[in-house]
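286 is the number that the working numbering gives the last residue of the sequence shown; the numbers go up by one with no jumps. So the structure is just underneath, and the comments pick up after that.
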Amino acid sequence: PVGAMTDGDAVVLFNFRGDRAVEISQAYEDPDFCHFDRGNHPDLFFAGMLQYDGDLLVPTNHLVAPPSIDRTLGEYLCATGLKSFAVSETQKFGHVTFFWNGNRSGYIDEALETYIEIPSDNVEFNTAPQMKAREITEATIELLRSGEYAMGRINFANGDMVGHTGDLKATIDAMHVLDDCLEQLVRVIDEIGGIMIVTADHGNADIMYTEGTDGEITPKTSHTLSPVPFAIHDGSGTADYRLVDDLPDAGIANVAATTLNLMGLDAPADYEPSLVKSAEAPST
């Protein structure tokens, strides 16, 4: 570095994701920032690649107009009058709320939505590979058994956050915890006659090391490019649908319509196609 930032310097944050970018943007430009002592705070021009939070207008300056994300699954459920819940720990809470809602903070309809954030421990993840998976599971089971909600979404952080440490044993331990948690959830889904989807948006724990041409083994701490599974467990006993076989490029964008169809609802025509169709529907 050539030196400390001084008055008149410009800072550009080259980041597209909003969760961590919001926090650092606020630290740079919020005059009332109080979460930690910033020390000397020079008068800077700060800009983000995007405006990461359209509700809070963070940051004030940005290089690219933020994408307009509307008519999300959350909005659809609220417009239909259906109650839903979101549960995760701090590390992934924004994924089931902020990102889920189209990069918007807060509730869509507080009367119809319940959000539960379980504080993550401030430790190295490989020292506590269970993270908050058990607490997330307990909270989810309580909400499911309440009978109040048509749909819920949760995010287990273990595979990603522990996988990033490159610690193979800790990652295996994390997966054992998740196996147990998923088993508990399956039993409750069967108990209430619900349907459960298990999927992800990228891999991490699936490949924990790389091997060089010289045979040297190196821990892999980054995401993988492996296709992710999409598993459906039907505890309702009314499996009148089948997986479609003509969507070779299906991805996470197809999950919204699939979820609605599994709930017995029609997806909007401009949603990406569902991964399931009625068992009586003709093959294509």
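No residue lacks a Cβ here, since even glycine has one placed at the ideal position from N, Cα and C. Since the model is a prediction, treat every value here as computed from it, not as a measurement.
- As the crow flies, the alpha-carbon of I138 is around 6 Å from that of V89.
- If you look at A12, you'll find it in the beta strand (DSSP E) that goes A12 to L15.
- Rounded to whole angstroms, the Cβ separation of N256 and E274 is 5 Å, and the two are in contact under 8 Å.
- Around the C-beta of Y211, fewer than 16 other C-beta atoms lie within 10 Å, and the residue is accordingly described as exposed.
- Looking at the DSSP output, D181 sits in no beta bridge, so it has no partner there.
- Looking at the backbone, the Cα of L75 and that of S276 are separated by about 13 Å.
- For A67, there is no enclosing alpha helix (DSSP H), as DSSP marks it with neither H nor E.
- When rounded, the separation of the alpha-carbon atoms in P44 and D9 is 5 Å.
- The residue from D242, G154 and I120 with its alpha-carbon nearest to that of V200 is G154.
- The beta carbons of I120 and A141 sit closer together than 8 Å.
- Distances from the alpha-carbon of D11 to those of E31, L146 and E25 put E31 closest.
- The Cβ atoms of N160 and M133 sit closer than 8 Å to each other.
- The three-state secondary structure of V200, taken from DSSP, is strand.
- Secondary structure note for R155: its beta strand (DSSP E) is the uninterrupted segment M153 to N157.
- Per DSSP, the beta bridge partners of K279 are R244.
- Within its own chain, the residues whose Cβ lies closer than 8 Å to the Cβ of E115, once the five positions on either side in sequence are excluded, are G76, C80, K85, S86, F87, A88 and Y109, listed in chain order.
- Contact check between the segment 219-228 and the segment 33-44: fewer than three CB pairs, one atom from each, fall below 8 Å, which does not count as touching.
- Look at I110 here: in three-state DSSP terms it is coil, with no helix or strand label.
- E112 and G149 have their C-alpha atoms spaced approximately 18 Å apart.
- Per DSSP, reduced to three states, the secondary structure at H97 is helical.
- Burial is judged here by how many other beta carbons sit within 10 angstroms of a residue's own beta carbon; S70 has fewer than 16 and is exposed.
- Contact between C183 and R136 holds: CB atoms are separated by about 6 Å, below the 8 Å threshold.
- For V4, no alpha helix (DSSP H) segment is defined, and its DSSP state is neither H nor E.
- Inter-residue distance for M51 and V13 is about 11 Å (C-alpha atoms, whole angstroms).
- With contacts defined by Cβ atoms closer than 8 Å, T99 and N128 do not form a contacting pair.
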